[in-house]
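Beneath this line is the structure, given in structure tokens, with notes to follow.
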Amino acid sequence: MSWDLILSNSLYTAVSANAIAYMLVALGLNVHFGYTGLLNFGQAGFAAVGAYSLSIPISRYDWPWPFALLFLVFASIVLALLLGIPTLRLRADYLAIVTIAIAEIIRLFLNSVRFTWLTGGNDGLQGFTRFMENANPFPANGITVWAQKIDGYRLWLMLTGWVLLTVVAVAVYLLMRSPWGRVLKSIREDEDAARSLGKNVFAYKMQSLILGGFIGSLGGMWLVLDKQSSQPQDFSTTFTFFAYTIIILGGIARAKGPIIGTMIFLFLIQFVDITLQQATKTTPSDPNPILPTWLVDQNNFSQVRFIVAGLALAILVVVRPQGIFGDKREQAFDVR
Amino acid sequence: MSANTVNYSPTPGSRKEDAILVADNVRRAFGGLVAVDVEHVEIPRNKITALIGPNGAGKTTFFNLLTGFDTPDTGHTVFNGSPINEMPAHKVARIGMIRTFQLTKALSRMTVIENMRLGAAHQKGESFWRGFFAPLWRQQESEITTKAEELLARFNLAHMRDELAGGLSGGQRKLLEMARALMAEPEMVMLDEPMAGVNPALKQSLLEHIKALRTEGRTVLFVEHDMDMVREISDWVIVMAEGRIIAEGTPDDIGANQAVVDAYLGAHHDVDLGGAQ
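Those protein sequences? They're chains A and B, same order as listed. Sequential numbering of the first sequence, starting at 1, is according to the numbering used here. Sequential numbering of the second sequence, starting at 1001, is according to the numbering used here.
What follows is the structure in structure tokens.
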């Protein structure tokens, strides 16, 4: 067992460009669910729109990347309007139903054979990351931190990603401390009360949906920049539920929640995964793995990480229901 | 109090010389059930008007129709010169008519002071883009906070300033909701059962607070079942039954009104149904 490798790799996973993508997606969902009380189950749809509004224009139509970024802003706003206009006047459950459906429609469309000419279908799209590769100031073979090797492109994505994430997180933090954020929280608590005090609840919900959706799209963009390939299966509903797990872990409606939540979540999964990988490994010189094969072996350890992660989550929710940063007092008055 | 004596005609739909709210032919049906069918009603300015009636009389529905929380099937309502029948609730609140709810709506997971601040109208920082830049709204925020603290002191909630509103007792929530409504300086305050679930000691202080609203020049319309309270503070009483307005008058007139007694107790309450021997 190489503990150096296990720990350095798990820690890297928790702060990598991939982690930044999860943080952004969860941050957007926190704006929806944590602050405004909007039950958005289609955050993966926003992420998919972010990913493909970068990859389709660049891969298929050779757009310069700034135009693709503008298109991302436009597309995420259009999706938010599409989701919001019919549902935001209705009760919270309707938004949940519509968002989960639209997110699946988006994924199935991206996956469909008929539109492979546009979306690349099941194989996805590649070759849209050249602008980031060309801007990369680091040597291609990158650096080695502890026992973890990080290539130059990933290092560059990490650096720019953390800058982007900081800007977005600070902006959300400032907004939520402002009277604007106060109106969002009042809508989460009781939208009729907000209405009775002269607040245009529909407009605020829409702004929240647009803001959180846009941040989620940035997350989707970062996910595919890291993978260098955008594929529909990355945007299944599991992605949304991971984002929910993350914000519950970190503490709902806390600015740091999505960031710390992602770190814990990804660290835990990776740690379990790579530890089991090491513990079930056999080599010609040492045919006996550390763990007995009747319990777990090389072929099935990868499922165990989710079992362990789920168990850890369950324990956390029982022991600390408000999440890592949540306020225990608030939990007591959760009336929904 | 001579300033509050009224001499309107005690008939349903009577004219008031200075009405702040006038509603005509307001009708709302839920399927076959006509919940509200009000031909004409006027609410006098700077008076405390009580809206009473037996359960199911349509009082709360009428309240919802007036405040934009529900839309009437037909009807025309004018508040302070502006037609409000098609106006959404938040706009009705902005032009100066703020309501409270039968089931108190304190914003549980926000502090008492944040509840109060939310109530203030015309906040610059409530716009998305200005929200980012604290210098644009900080000055106004501190003015709002000062005002909120004054109101909290007046409503005996100053010691709860930084507690979460969910931790308040039922009576304190009623006080908070009323104080929060006042943050927007409404011309008219609509209270839906302000005394429901309030203990007798607090009741007295709530009564004083409601009277103080009139002293400040505001108009109050409230729904209430507690007849002692109605008699004590209202200048004018409107009685609803089965969706219609069946009587109007001073509290004294109403006590003597046969139609009201019938509505509450049934028209045949004094007939011996057991039959004459």
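Cβ atoms here follow ideal geometry from the backbone N, Cα and C, with glycine treated the same way. These figures come from a predicted structure and were not determined experimentally.
Residue i, buried or exposed, once every other Cβ within 10 Å from all chains shown has been counted against 16
i, result
"T282/A", "exposed"
"F347/A", "This structure cannot settle anything about residue 347/A, because the visible part of chain A is limited to 1 through 336."
"S53/A", "buried"
"T129/A", "buried"
"Q1204/B", "exposed"
"S41/A", "Note that residue 41/A is Phe in the sequence shown here, rather than Ser. So F41/A counts as buried."
"M1/A", "exposed"
"L209/A", "buried"
"R336/A", "No answer about R336/A holds up, because its pLDDT of 41 lies below 50 and its placement is not dependable."
"V1223/B", "buried"
"L90/A", "exposed"
Beta carbon proximity, residue i to chain B, threshold 8 angstroms
i, result
"Q322/A", "no"
"P86/A", "no"
"A169/A", "no"
"V183/A", "yes"
"A255/A", "no"
"L174/A", "yes"
"K199/A", "yes"
"S285/A", "no"
"S178/A", "yes"
"R89/A", "no"
"V335/A", "Note that V335/A scores 44 on pLDDT, short of 50, meaning its location in the model is unreliable and no value can be drawn from it."
"D190/A", "yes"
"S338/A", "No answer is possible for residue 338/A: the residues shown for chain A start at 1 and end at 336."
"A147/A", "no"
"Q207/A", "yes"
Whole-number beta carbon distance between residue j and residue i, since they are thought to touch under 8 angstroms
i, j, result
"I269/A", "T36/A", "That belief does not hold up - the Cβ atoms of I269/A and T36/A are roughly 29 angstroms apart, past 8 angstroms."
"S59/A", "L125/A", "5 angstroms"
"F109/A", "G216/A", "Their Cβ separation, rounded to whole angstroms, is 18 angstroms, which puts F109/A and G216/A out of contact at 8 angstroms."
"K1047/B", "R1214/B", "7 angstroms"
"A147/A", "L5/A", "5 angstroms"
"A1050/B", "V1230/B", "5 angstroms"
"L79/A", "V49/A", "5 angstroms"
Inter-residue Cα distance where the pair is residue i and residue j
i, j, result
"D151/A", "A140/A", "6 angstroms"
"E1216/B", "V317/A", "51 angstroms"
"A1019/B", "A1256/B", "25 angstroms"
"T275/A", "V304/A", "11 angstroms"
"L88/A", "A1089/B", "16 angstroms"
"L1191/B", "A1179/B", "12 angstroms"
"F11/A", "I105/A", "Going by the sequence as given, residue 11/A is Leu instead of Phe. Rounded to the nearest angstrom, the two C-alpha atoms are 35 angstroms apart."
"V31/A", "I246/A", "13 angstroms"
"D123/A", "A103/A", "19 angstroms"
"I1144/B", "R1027/B", "39 angstroms"
"D1235/B", "T1250/B", "6 angstroms"
"Q233/A", "T119/A", "13 angstroms"
"S1108/B", "D1162/B", "12 angstroms"
"P86/A", "F202/A", "11 angstroms"
"S229/A", "T13/A", "19 angstroms"
"G1032/B", "L1066/B", "21 angstroms"
"F271/A", "A279/A", "12 angstroms"
"S240/A", "I324/A", "In the sequence under discussion, the amino acid at residue 240/A is Thr, which differs from the Ser named in the question. Using only the alpha carbons, I get a separation of about 20 angstroms."
"P1186/B", "A1106/B", "19 angstroms"
"V1260/B", "D1226/B", "15 angstroms"
"F301/A", "A255/A", "35 angstroms"
"A312/A", "G251/A", "15 angstroms"
"F74/A", "L155/A", "29 angstroms"
"N1055/B", "V1239/B", "12 angstroms"
CB contact below 8 angstroms: residue i versus chain A
i, result
"Q1123/B", "yes"
"R1117/B", "yes"
"W1137/B", "yes"
"A1179/B", "no"
"R1161/B", "no"
"A1184/B", "yes"
"I1098/B", "yes"
"H1209/B", "no"
Where residue i meets chain C, residues with beta-carbon distance less than 8 angstroms
i, result
"G1131/B", "Protein chains in the displayed structure are A and B, and chain C is not among them."
> Can you list, in chain order, the stretches of the alpha helix (DSSP H) that have 4 or more residues and sit fully within the segment 83-126 of chain A?
Replying inline: 92-111, 116-119
>> Which complete alpha helix (DSSP H) runs does the segment 140-209 of chain A hold, if anything under 4 residues is left out?
In response: 152-177, 179-189, 191-196
> Which runs of the beta strand (DSSP E) spanning at least 3 residues fall entirely within the segment 1147-1232 of chain B, listed in chain order?
Replying inline: 1188-1192, 1219-1223
>> Which complete beta strand (DSSP E) runs does the segment 1023-1063 of chain B hold, if anything under 3 residues is left out?
In response: 1033-1044, 1048-1052
> Which ranges would you report for the beta strand (DSSP E) in the segment 54-81 of chain A if only whole runs of at least 3 residues count?
Replying inline: none
>> Threshold first: 3 residues or longer. Then list the beta strand (DSSP E) segments lying entirely within the segment 1092-1147 of chain B, N to C.
In response: List check, beta strand (DSSP E) in window: 1097-1099.
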